[in-house]
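Structure record follows, encoded as structure tokens.
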Amino acid sequence: MYKKFEMELAGRTLRVDVDRVAKQANGAVLMHYGDTTVLCTATASEKPREGIDFFPLSVEYNERMYAVGKIPGGFNKREGKASENAVLTDRVIDRPMRPLFPKDYRNDVTLENLVLSVDQDCSPELTAMLGAAIATTISDIPFDGPISTTQVGLVDGEFVINPTAEQKVVSDLALTVASTREKVIMIEAGANEVPEQQMIDAIFKAHEVNQEVIKFIDTIVAECGKPKHSYESFAVPEELFAAMKEVVTPEEMEEAVFTDDKQTREENIRVVTEKLEEAFADNEEWLAILPDAVYQYQKKTVRKMILKDHKRPDGRKIDQIRPLAAEVDLIPRVHGSAMFTRGQTQICNICTLAPLSEAQRLDGLDEAETTKRYMHHYNFPSYSVGETRPSRGPGRREIGHGALAERALVPVLPSEADFPYAIRTVSETFESNGSTSQASVCASSMALMAAGVPIKSAVAGISCGLVTGDTDDDYLVLTDIQGLEDFFGDMDFKVAGTHEGITAIQMDIKIHGLTRAIIEEAIAKTRKARLYIMDEVMSKAINEPRAEVGEYAPKIIQMQIDPQKIGDVVGQRGKTINAIIEQTGVKIDITDDGAVSICGTDATGMEQARKLIYTIVTDFEAGQVLEGKVISIKEFGAFVEFAPGKEGMVHISKISKERVNHVEDVLTLGDTVKVVCLGKDKMGRFSFSMKDVAE
């Protein structure tokens, strides 16, 4: 027997089955939302992992193609590495839950979410977010839950809770909000320039719904919740802190961290650490935890400086942005490039244009998303932070940062009809000291304009931080946080947008949630900062998209043909279209509705291809003048090819006004000639003439 709990959520039934499956996990629930089914489990190791100074939490969102009735593509026919959507879902589950585990907990915890079936109107990602929180809350793993997550759309100016697949297509907002009982703990959003106040209203609409779900979760916990197990604490002893302050005074530590140069600060901390190691050389127990103790000492120092003294480590004012710089066209021959610098954070972005046929194909669980025309990729090499390590390809952080910048820019891109290109921008991190994802937004926006992409507006991004005290009213919101303030602060609130409104939000916090006052202040400060960045920095490097794409970018000619003529253009086994491509050096894409895109860098070849296609799809008419190549000579006349696969015959009597005894006397294979169509002969065949062209 198992226990079943149900509630109505946005017009659909949310059902939670407990003790039905996976009973050996610390906590497990089989989640049903509509026909979407996800198995969510939470497990923890019995003992802490040795030799670490962090909480080892792993989150997995496992997509199975059988969930949508598909067999995976490719040769292997088995799901491979996690999709980008799965990685982003891992991150959005992790972010609100991680702060609610004890900070001194070192046992390994894994949250597994297995998607078993998908109802396109009931998000499997949302179902997994709810399930992971419920499984952990009812388990014996120490966790300060429950939490709930809600998605909000904006359709025709009205908020929609947990929108259906049809509503998502027309929605101006894709917002995900997680909440505890009292506060908002996570925000993730993509938006079509939604005004700030409307975004705030949407966030707290989701927060209201979350409170109803938390009440539902409370009923499950009351009946099924396990007592939380005890664990070995790895908190730094207070006596160690006291001893450290005798060796390195708070004033000395403040002096060590009070600099705007990351390398200088790291060298100062190295000297401090060596001094402490020497002082505690005889105490092996303290030496083992000294790195974490030094980190905590720095953290306490920085937080006190900011919150009590209103002093930032680099000397800036609370709302002051670091020095900014922007430039375009620093990389030759690429289609578009730009570099954006904010303090010791520097991003170079390169834009590449290609035919729509090179758009990314997606093989996932969302049937509405099968291709992606705009791709933003983010790279974070070790040299950008002065370190050395081998490159292992993009990790979850790189994928997440790339997706955030991509989400911020999609709303301002031109339609495919207006700009028939696939677009890729790549952000290369040259230097990193805080909020490279938002620098990527700025650099990408400029690179797109430099490449001649007619975006609707420039987009800029900025991040706000937070330092809190003992009460909800004791806090300070910082504009443009650097790495140190991110590490030691309580929040990284990233907001990107245009002059009109917000296009993307991502909020990470390390505390148990934010009040409405903090969220409103952070959104107001990010608006002020991003307008300054666009107006005073980016616009001076490039203030509007270039009128046309660059010299080395592919050009595209579009034409529309009768869909019934597509076969004539393609030819048997592609013979005709391949002949055009070989002859002109272009790339040709044809859609099922007859839209033809001719892509190339040589204008002459592109125009030649256009004429050839036009000739193939145009029926012969009397009086029509054509140009073609002699491809065959017979006793009775010559065959002329006007385009690959389309030819006609000129009778010997129609070659010249003078008498012609032999065709070879006038024409040679390969000659280019002009002819006029005379209409159909008695047998219904089209007749062509060279001698009547002038008339």
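Read in UniProt numbering, the sequence shown has 111 at position 111, and its numbers run on one by one without any break.
Glycine included, every Cβ here is placed at the ideal spot set by N, Cα and C.
Extent of the continuous alpha helix (DSSP H) run through residue i
i, result
"A450", "436 to 450"
"H401", "396 to 409"
"A517", "516 to 533"
"Y614", "603 to 617"
"I93", "84 to 97"
"Y297", "284 to 307"
"T425", "T425 -> not in any alpha helix (DSSP H); beta strand (DSSP E) instead, spanning 421 to 431."
"K215", "196 to 224"
"D568", "566 to 570"
"F688", "Unbroken run through F688 is the beta strand (DSSP E), 686 to 689; no alpha helix (DSSP H)."
"F241", "238 to 247"
"K168", "165 to 170"
"T388", "Per DSSP, T388 belongs to no alpha helix (DSSP H) and is neither H nor E."
"P250", "250 to 257"
Member of the options whose CA lies at the smallest distance from the CA of residue i
i, options, result
"Q298", "L409, T137, E193, E254", "E254"
"A42", "A243, A128, V118, A222", "A128"
"A517", "D474, N349, V630, I566", "D474"
"V334", "A450, Q608, K304", "A450"
"residue 701", "A439, Y383, C351, S415", "With the chain running from 1 to 695 in the structure shown, residue 701 is simply not present."
"M606", "E582, G623, Q360, D619", "E582"
"K657", "K308, E627, E695, S171", "E695"
"R106", "V152, D53, D144", "D53"
"E431", "Y378, R181, L448, G395", "Y378"
"A643", "G628, I655, H651", "G628"
"R361", "V16, K691, M7, G74", "G74"
"V257", "D671, I214, A222, R303", "R303"
"V617", "D589, R659, T591, V570", "V570"
"I187", "A165, V68, T150, P195", "T150"
"A529", "L476, G461, E485", "G461"
"K311", "T604, V467, K3", "V467"
"Y231", "K565, S445, P48, P554", "P48"
"M690", "L667, K680, G684", "L667"
"L30", "V155, L114, E8, K81", "L114"
"F101", "L9, Y2, A603, K510", "K510"
"Y383", "T371, E166, T429", "T429"
CB contact flag (residue i, residue j, <7 Å)
i, j, result
"I318", "L478", "yes"
"A178", "I217", "no"
"V625", "V640", "no"
"I557", "I523", "no"
"G157", "C40", "no"
"V441", "V459", "yes"
"P411", "N192", "yes"
"T503", "A403", "no"
"I138", "G225", "yes"
"K494", "Q506", "yes"
"S58", "T110", "yes"
"D119", "G11", "no"
"A202", "V152", "yes"
"A609", "G679", "no"
"R373", "A359", "yes"
"A326", "A541", "yes"
"F688", "V675", "yes"
Near the ligand MG: residue i beta-carbon under 6 Å from a heavy atom
i, result
"L324", "Within the structure as shown, the ligand MG is missing, as the structure has no ligands at all."
Residues bridged to residue i [DSSP beta-bridge criterion]
i, result
"Q360", "K372"
"Y61", "N113"
"Q558", "S597"
"M649", "F639"
"N543", "According to DSSP, N543 bridges with nothing at all."
"S179", "S148, V184"
"A189", "L175, I505"
"V160", "G153"
"K3", "V18"
"M491", "L466, I509"
"R342", "L324, T345"
"V625", "V676"
"Y105", "Partner(s): none; Y105 has no beta bridge."
Residue range of the unbroken beta strand (DSSP E) whose run includes residue i
i, result
"N349", "345 to 355"
"E266", "Element bounds for E266: not the beta strand (DSSP E) but the alpha helix (DSSP H), 262 to 279."
"K680", "672 to 680"
"T468", "460 to 468"
"V477", "475 to 479"
"I588", "587 to 590"
Segments assigned beta strand (DSSP E), at least 3 residues, entirely inside the region 6 to 55: Entirely contained in the region 6 to 55, the beta strand (DSSP E) runs reaching 3 residues are, in chain order, 12 to 18, 27 to 33, 36 to 48.
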